[in-house]
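Trainee: Note that the protein sequences, when read in sequence, are chains A and B. Residues in the first sequence are numbered consecutively from 4, following this note's numbering. Residues in the second sequence are numbered consecutively from 4, following this note's numbering.
There are 2 protein chains.
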Amino acid sequence: MTSEIQQNVSGWGRLKAFPGRLGPKIVEAARKIKKLGQDDPRRIIHSLKVGLAITLVSFIYYVESLYEGFGGSAMWAILTVIVVLEFSVGATLGRGLNRGLATFIAGALGFGAHYLASRSGDKVEPILLGLFVFLIAGVVTFIRFFPQMKARYDYGLLIFMLTFCLVSISGYRDEDLLDVAHRRMSTILIGSFTSVFVCICICPVWAGDDLHNLVASNIENLGSFLQGFGIEYFKISGEVGESKTAVMQRYKTVLNSKQSEESLANSARWEPGHGPFRFSHPWKQYLKIGSLTRQCAYRIDALNGYLNSEIQTPPEFRSKIQATCTKMSMESGKALMELASAIKTMTPPSSAKPHIAESKSAAKGLKSLLQAGLCEEIDFLEVLPAATVASLLVDVVSSTDKIAESINELATLARYESVEHIIVEEDEAAGSLHLQPIPPCLNTSGEHHVITIDQPSRHLP
Amino acid sequence: MTSEIQQNVSGWGRLKAFPGRLGPKIVEAARKIKKLGQDDPRRIIHSLKVGLAITLVSFIYYVESLYEGFGGSAMWAILTVIVVLEFSVGATLGRGLNRGLATFIAGALGFGAHYLASRSGDKVEPILLGLFVFLIAGVVTFIRFFPQMKARYDYGLLIFMLTFCLVSISGYRDEDLLDVAHRRMSTILIGSFTSVFVCICICPVWAGDDLHNLVASNIENLGSFLQGFGIEYFKISGEVGESKTAVMQRYKTVLNSKQSEESLANSARWEPGHGPFRFSHPWKQYLKIGSLTRQCAYRIDALNGYLNSEIQTPPEFRSKIQATCTKMSMESGKALMELASAIKTMTPPSSAKPHIAESKSAAKGLKSLLQAGLCEEIDFLEVLPAATVASLLVDVVSSTDKIAESINELATLARYESVEHIIVEEDEAAGSLHLQPIPPCLNTSGEHHVITIDQPSRHLP
Numbered sequence: 004m005t006s007e008i009q010q011n012v013s014g015w016g017r018l019k020a021f022p023g024r025l026g027p028k029i030v031e032a033a034r035k036i037k038k039l040g041q042d043d044p045r046r047i048i049h050s051l052k053v054g055l056a057i058t059l060v061s062f063i064y065y066v067e068s069l070y071e072g073f074g075g076s077a078m079w080a081i082l083t084v085i086v087v088l089e090f091s092v093g094a095t096l097g098r099g100l101n102r103g104l105a106t107f108i109a110g111a112l113g114f115g116a117h118y119l120a121s122r123s124g125d126k127v128e129p130i131l132l133g134l135f136v137f138l139i140a141g142v143v144t145f146i147r148f149f150p151q152m153k154a155r156y157d158y159g160l161l162i163f164m165l166t167f168c169l170v171s172i173s174g175y176r177d178e179d180l181l182d183v184a185h186r187r188m189s190t191i192l193i194g195s196f197t198s199v200f201v202c203i204c205i206c207p208v209w210a211g212d213d214l215h216n217l218v219a220s221n222i223e224n225l226g227s228f229l230q231g232f233g234i235e236y237f238k239i240s241g242e243v244g245e246s247k248t249a250v251m252q253r254y255k256t257v258l259n260s261k262q263s264e265e266s267l268a269n270s271a272r273w274e275p276g277h278g279p280f281r282f283s284h285p286w287k288q289y290l291k292i293g294s295l296t297r298q299c300a301y302r303i304d305a306l307n308g309y310l311n312s313e314i315q316t317p318p319e320f321r322s323k324i325q326a327t328c329t330k331m332s333m334e335s336g337k338a339l340m341e342l343a344s345a346i347k348t349m350t351p352p353s354s355a356k357p358h359i360a361e362s363k364s365a366a367k368g369l370k371s372l373l374q375a376g377l378c379e380e381i382d383f384l385e386v387l388p389a390a391t392v393a394s395l396l397v398d399v400v401s402s403t404d405k406i407a408e409s410i411n412e413l414a415t416l417a418r419y420e421s422v423e424h425i426i427v428e429e430d431e432a433a434g435s436l437h438l439q440p441i442p443p444c445l446n447t448s449g450e451h452h453v454i455t456i457d458q459p460s461r462h463l464p
Numbered sequence: 004m005t006s007e008i009q010q011n012v013s014g015w016g017r018l019k020a021f022p023g024r025l026g027p028k029i030v031e032a033a034r035k036i037k038k039l040g041q042d043d044p045r046r047i048i049h050s051l052k053v054g055l056a057i058t059l060v061s062f063i064y065y066v067e068s069l070y071e072g073f074g075g076s077a078m079w080a081i082l083t084v085i086v087v088l089e090f091s092v093g094a095t096l097g098r099g100l101n102r103g104l105a106t107f108i109a110g111a112l113g114f115g116a117h118y119l120a121s122r123s124g125d126k127v128e129p130i131l132l133g134l135f136v137f138l139i140a141g142v143v144t145f146i147r148f149f150p151q152m153k154a155r156y157d158y159g160l161l162i163f164m165l166t167f168c169l170v171s172i173s174g175y176r177d178e179d180l181l182d183v184a185h186r187r188m189s190t191i192l193i194g195s196f197t198s199v200f201v202c203i204c205i206c207p208v209w210a211g212d213d214l215h216n217l218v219a220s221n222i223e224n225l226g227s228f229l230q231g232f233g234i235e236y237f238k239i240s241g242e243v244g245e246s247k248t249a250v251m252q253r254y255k256t257v258l259n260s261k262q263s264e265e266s267l268a269n270s271a272r273w274e275p276g277h278g279p280f281r282f283s284h285p286w287k288q289y290l291k292i293g294s295l296t297r298q299c300a301y302r303i304d305a306l307n308g309y310l311n312s313e314i315q316t317p318p319e320f321r322s323k324i325q326a327t328c329t330k331m332s333m334e335s336g337k338a339l340m341e342l343a344s345a346i347k348t349m350t351p352p353s354s355a356k357p358h359i360a361e362s363k364s365a366a367k368g369l370k371s372l373l374q375a376g377l378c379e380e381i382d383f384l385e386v387l388p389a390a391t392v393a394s395l396l397v398d399v400v401s402s403t404d405k406i407a408e409s410i411n412e413l414a415t416l417a418r419y420e421s422v423e424h425i426i427v428e429e430d431e432a433a434g435s436l437h438l439q440p441i442p443p444c445l446n447t448s449g450e451h452h453v454i455t456i457d458q459p460s461r462h463l464p
C-alpha cells in the first residue's frame, strides 16, 4: 500500500516535472527560430509570400464563377504554386519555365501517343500505351543522370515524364481529354504566373545578388584571416581578442562553398537583368573566382595549423623574418579586402594593385633575406615551422595574384566602369549629377561609400 | 539568273552539308551516353526500373475492375511513383515514408480545418479557410529553412503543406470529401509500395554501400597520391608514366566530397539492415572520417603545388632528406591504403598500424636529421621548398594518424570483428565452417581476399 502511494506520488512528481522539463526545450526551440529569422529576415518574408500566393490561387475555389470554369483542375494551381515558388527569383523562374514548357511539350506528345494508340484497336491500345510510357519514362530517367541536364533541367524532365504519362494513360479513360488538358494547362499557367508575380513583386530575392555577395564575402573572409595572421602568429600584440579569432576562423566556410556557389549560379542564369546586373551577366566567371578562392583557402587551412604550434621559433630567426612575413600576410590580406570591395561596388579592382605589388615585393624581400645567409648559428628543426609558414605565405601571395587576375577578367566581362570618388560638399549644387546610392545588398562591407554617376541604362532589363 | 542558280547550288550544298555537320554531334552525344552508362551501369537498370514501376501502376487504368474502384484518383499512383522512386533504396524509403506520413497527418488536419470552417457559416467559411491555409503554408515554409529539417524531412514538409491546402480548400467544393480522401490515400499508398518494392527487389542500390565505398575510395585516392609523391618529387625513377600522374591527381575529387557524403548519409539512415550493415550502422562516423580525409586532402593540395616547382634543391640537402621524406610519404600512403581496405573489408584497421609507426619514426628521423646541423654550407632559399614539403609531410603523417583513430572508432562502433586469414587448403573438410565471401561491392580493392567465418546474424535486418 505504502509503495503504491509512493508510486502515485512519484507519478505525480513526474507529471508535475513534465512541463518543467519541457520548458527549457521550448525556450531552446524559440531561440533557434528567432536566430533563423534574425540571420536572414528574408526567410520570414518568403514564408509570408508563400502563404499569400496560395491564398491568392485558392480564390479559384472560393469564387463561384471561376470555379465553374475550372472545376477540379483548380487543384493544379495550388500544386503549382507550392512546387514552383522558391526562395530566389532565378529558382522560381527556372522552375516555372521548366514546368510550363515541359507540361506543354509533354502534353502534346502524350496526346499524340494517345491518338496513335486509340487508332490501333481495343486490344493493342493498352499494350502500345504501356510501351510508350515505359520508353519515355526510361529514357527521361536516364537523361536526368547527365550532370549538365541535372543542373538546369532536372525539374523540367521530371514534369515532362509526369505529364506524358498522365495525359497518355488517362486518355485511355477520359473521353474529353482535350478539355481536361486545356483546363489543367490554364490552371498550371495561373499557378506559375502567380508564383512568379509574388516572387518578383514582393521583396524579390535575387540569386545573382546572393552569388555576388557570397563570392565577395568569401574573399573577405580570407582577407581578414590574413590580416590577423601575422599579428597572431608572431604574437606581436599580446592580446588577440576572442572575437578576432572568431573572425579569422570564418575562412572555414569557404572550404565547402562549391555546392552553394554552383546552385546559385544555376539559378542566377534564369534571372532577367536587375539592379546593376544584365541578363547575360558573366555568372560563370564567379565560379572561376570561387574555385581560385577555395584554392587559396586550402593554403590558409594549412597556415591555420601552425597558429598554435608549440615549437618556439628562435628569436634571432623570428626577428629576421617577422617583418617580411607579417607584411606578406597583411598586404595580401588588404589586397583581398580591396578585391572583395571591388566586387561589391562593381568597380575595376585597381585599388588592390598596390597591395599586391607590396606583397610581392615582400615575398622577394624574404627570398633575398634567406639568400643572405640567415642560417649561421640556428637550429634547422626549430626554424622549420616558421620557414614553412613563410613558404605557405609566398604561395598565398601568388594565389592572391591569381584571384586578382580573375576578378580583372570579371570586370572586363561585366564591363565594370571605374567610379570617380567625388567628395560631395555640402550645399554644392548637384546640378546634372544623378546621385544613385549603391543598393544596400551590394554595400555590406561598410568600408566604401561610393557614389556612382549616371549609371548607364544597359544595367536595366 | 546565274547568281540565282549559284544561290540554289549553295543552298543545296548547305542542305547536303547539314547531316554532315550533325554527324559528329550525334556521334559525340552517343559517346557521352555510352560513357554515362559504362561509368555506372546501375543507371541503366534504374531507368528500366522507373519504366517498369510506372507501367505496373498504370494497370489501374487498364483493368476495368480496378479503375471502377479508384476513378480519377488513379492519377495519384502514377504521380507518386514518379516522385518517390529514387536511385537508392534509402532515398526512396525516405521519400515514401515522408510522403505517406505527411499525406496522412495533413489529410486529417485538413479535414479538421474543413470541418471547423464549414460549421461557422457561409460567409466566414472562406475567410477561415484562407487564414488556416495562410498560417500553415507560412509556418511550414519557415520550418523548411532549418538545416536539420531540410536534410531529412524537406519532402515531407512540402507534401504536408500541399495535402493540407488541397484537402481543406477542395473541401469547400467537394461534397464527398472523405470518399475522395480515402481513394487518394489508397492510390498514394499503392504508388509508394510499388516504388519501394521495385526499388528493393530489383538490383537494389544501397546509399549506405555507396557512402561506405566513397569514404574508402577517397582515402585510397589520398593514399595513391602519397605513394607516388616521394618518387615523383625527388624524380627517383626517371619515368613517371602519365597514367600514374592521372591516378595521383584523383585526390582532387576528395576536396569537394562533403555534399555527396552528407546526402548519402542522410539517405543511408532510412535504410534497413542489408548485407553487412545493421539498421543502426554508425553512418555519422563516416562523415567524421570524411571530414578528416578532406583536411588531409587540403595538405596534399599544398604538396601538389610543389610537384612541378622550378627551384632545384641543392643535391647535398636533397640526398640528406630524400630517404626520410620518401619514407614518410610512402608509409603514410601505405597506411591510408590499408585503412581504406580495412573499411572495405570491415575489419579492424590493425594492418595500418605498422605503417603509421614507420611514418612516425621517419618524421622523428627527419627531426633528428635537421637537428644534426644540416645547414652548414647550404643556401636557405634553395632549401626552402624542400623544407616546406618535408614540413607538410609531417602534417600529413599526423593527419593520417587522426584518420586511423577515427576509423578505429568506426570499427568499435560498428563492432567490426577481426578476421582470421585462413588458408583453405584443397580437400580439407570445411566441416562446420560456414564460408561466406565478401560481397563484390565491398571488395573492390582487389588486394585482400578474406574469408569470414560464421558472420553473426546481427547483420540481418
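Ideal Cβ placement from N, Cα and C applies to all residues, glycine included.
If you run the structure through DSSP and keep just helix, strand and coil, what is A:H284?
Mentor: Residue state, collapsed to three classes: coil.
Trainee: Assuming A:L306 contacts A:L395 under a Cβ cut-off of 8 Å, what Cβ separation, rounded to an integer in Å, is found between them?
Mentor: Right, their Cβ atoms sit about 5 Å apart.
Trainee: Check for me: the alpha helix (DSSP H) holding B:S402 runs from which residue to which?
Mentor: Run containing B:S402: 383-416, per the alpha helix (DSSP H) assignment.
Trainee: Are there three or more Cβ pairs, one per stretch, closer than 8 Å when the segment 216-234 of chain B is compared with the segment 248-261 of chain B?
Mentor: The segment 216-234 of chain B, when compared against the segment 248-261 of chain B, does touch it at the 8 Å Cβ threshold.
Trainee: Going by the beta-carbon positions, is the gap between B:V400 and B:S344 smaller than 8 Å?
Mentor: No, Cβ-Cβ distance for B:V400 and B:S344 is not below 8 Å.
Trainee: DSSP puts B:H277 in a beta bridge; with which residues?
Mentor: Note: B:H277 sits in a beta bridge opposite B:F280.
Trainee: Any residues in the segment 245-266 of chain A with a beta carbon nearer than 8 Å to a beta carbon of chain D? Which ones, in chain order?
Mentor: Among the chains of the structure shown, chain D does not appear; the protein chains present are A and B.
Trainee: Could you check how far apart the C-beta atoms of B:V136 and A:T58 are, in whole angstroms? I think they sit under 8 Å.
Mentor: Indeed, because the Cβ distance is near 6 Å, the residues count as touching under 8 Å.
Trainee: Pick out the complete beta strand (DSSP E) segments inside the segment 212-237 of chain B, 3 residues or longer, and give them in chain order.
Mentor: Counting only runs of 3 or more, we get nothing.
Trainee: Determine contact between the segment 87-104 of chain A and the segment 262-274 of chain A, defined as no fewer than three beta-carbon pairs at a distance below 8 Å.
Mentor: Segments in contact, yes.
Trainee: If you follow the alpha helix (DSSP H) that A:F163 is part of, which residue opens it and which one closes it?
Mentor: Residues 150-173.
Trainee: With A:C206 as the anchor, note down where its alpha helix (DSSP H) starts and where it stops.
Mentor: Segment: none, A:C206 is in no alpha helix (DSSP H) and carries neither H nor E.
Trainee: Do the segment 29-38 of chain A and the segment 61-72 of chain A meet, that is, are 3 or more Cβ pairs less than 8 Å apart?
Mentor: The segment 29-38 of chain A is not in contact with the segment 61-72 of chain A.
Trainee: For A:G233, count neighbouring Cβ atoms within 10 angstroms of its own Cβ and tell me buried if that reaches 16, exposed if not.
Mentor: Looking at its Cβ environment, which holds 16 or more other Cβ atoms inside 10 Å, A:G233 is buried.
Trainee: Looking at C-beta atoms only, is the number of pairs between the segment 102-113 of chain B and the segment 202-215 of chain B that lie closer than 8 Å three or more?
Mentor: At 8 Å Cβ cutoff, the stretches do not touch.
Trainee: Could you spell out the range, first to last residue, of the alpha helix (DSSP H) harbouring B:K52?
Mentor: Note, B:K52: alpha helix (DSSP H), 45-60.
Trainee: Going along chain B in order, which residues have a C-beta closer than 8 Å to the C-beta of A:D398?
Mentor: Correct list: A305, G308.
Trainee: For A:M349, which of helix, strand or coil comes out of DSSP?
Mentor: Coil at A:M349, not helix or strand.
Trainee: Between the segment 79-86 of chain B and the segment 149-165 of chain A, are three or more C-beta pairs nearer than 8 Å?
Mentor: They touch, by the three-pair rule.
Trainee: Identify the contact partners of A:F200 in chain B, using a Cβ-Cβ distance below 9 Å as the criterion.
Mentor: Those within 9 Å of A:F200 in chain B number zero; the least Cβ separation is about 16 Å.
Trainee: What's the C-alpha gap between A:T350 and A:A414?
Mentor: If I take the Cα positions, the gap works out to 7 Å.
Trainee: So, helix, strand or coil for B:Y419, using DSSP?
Mentor: Looking at B:Y419 - three-state DSSP - the assignment turns out to be coil, as it is neither helix nor strand.
Trainee: Candidates B:T316, B:T327, B:E264, B:S332: which alpha carbon is nearest B:V386's?
Mentor: For B:V386, the nearest C-alpha among the options comes from B:T316.
Trainee: For B:I47 and chain A, any beta-carbon pair shorter than 8 Å?
Mentor: Output row for B:I47: interface = yes.
Trainee: Within 8 Å (strictly less), CB to CB, does A:P388 reach chain B?
Mentor: It does; some Cβ of chain B falls within 8 Å.
Trainee: By the DSSP assignment, the alpha helix (DSSP H) with B:A268 in it spans what residues?
Mentor: 261-271 is the span of the alpha helix (DSSP H), which, as asked, contains B:A268.
Trainee: Report buried or exposed for A:T248, applying the criterion of at least 16 other Cβ atoms within 10 angstroms of its Cβ.
Mentor: Counting Cβ neighbours within 10 Å, A:T248 comes out exposed, since fewer than 16 surround it.
Trainee: So B:A140 packs on A:G54, CB below 8 Å; how close in whole Å?
Mentor: Correct: roughly 4 Å between the Cβ atoms.
Trainee: Classify A:D125 as buried or exposed, calling it buried when 16 or more other Cβ atoms lie within 10 Å of its own Cβ.
Mentor: Classification of A:D125: exposed, given that the 10 Å Cβ count is below 16.
Trainee: With 16 other CB atoms within 10 Å as the buried threshold, where does B:P352 fall?
Mentor: B:P352 is buried by the Cβ-count criterion.
Trainee: Return the CA-CA distance between A:Y156 and A:K367, expressed in angstroms with no decimal places.
Mentor: Cα to Cα, the separation comes out at about 50 Å.
Trainee: Helix, strand or coil: which one does DSSP assign to B:L339?
Mentor: Correct three-state label for B:L339: helix.
Trainee: Would B:G276 and B:V218 be called neighbours here (beta carbons separated by less than 8 Å)?
Mentor: Against a cut-off of 8 Å, the Cβ pair of B:V218 and B:G276 comes out as no contact.
Trainee: Can you tell which of B:L310, B:A77, B:R302, B:P285 has the C-alpha that lies nearest to the C-alpha of B:I346?
Mentor: The shortest Cα separation from B:I346 among B:L310, B:A77, B:R302, B:P285 belongs to B:P285.
Trainee: Using a C-beta cutoff of 8 Å, does A:C168 count as contacting chain B?
Mentor: Interface residue, yes.
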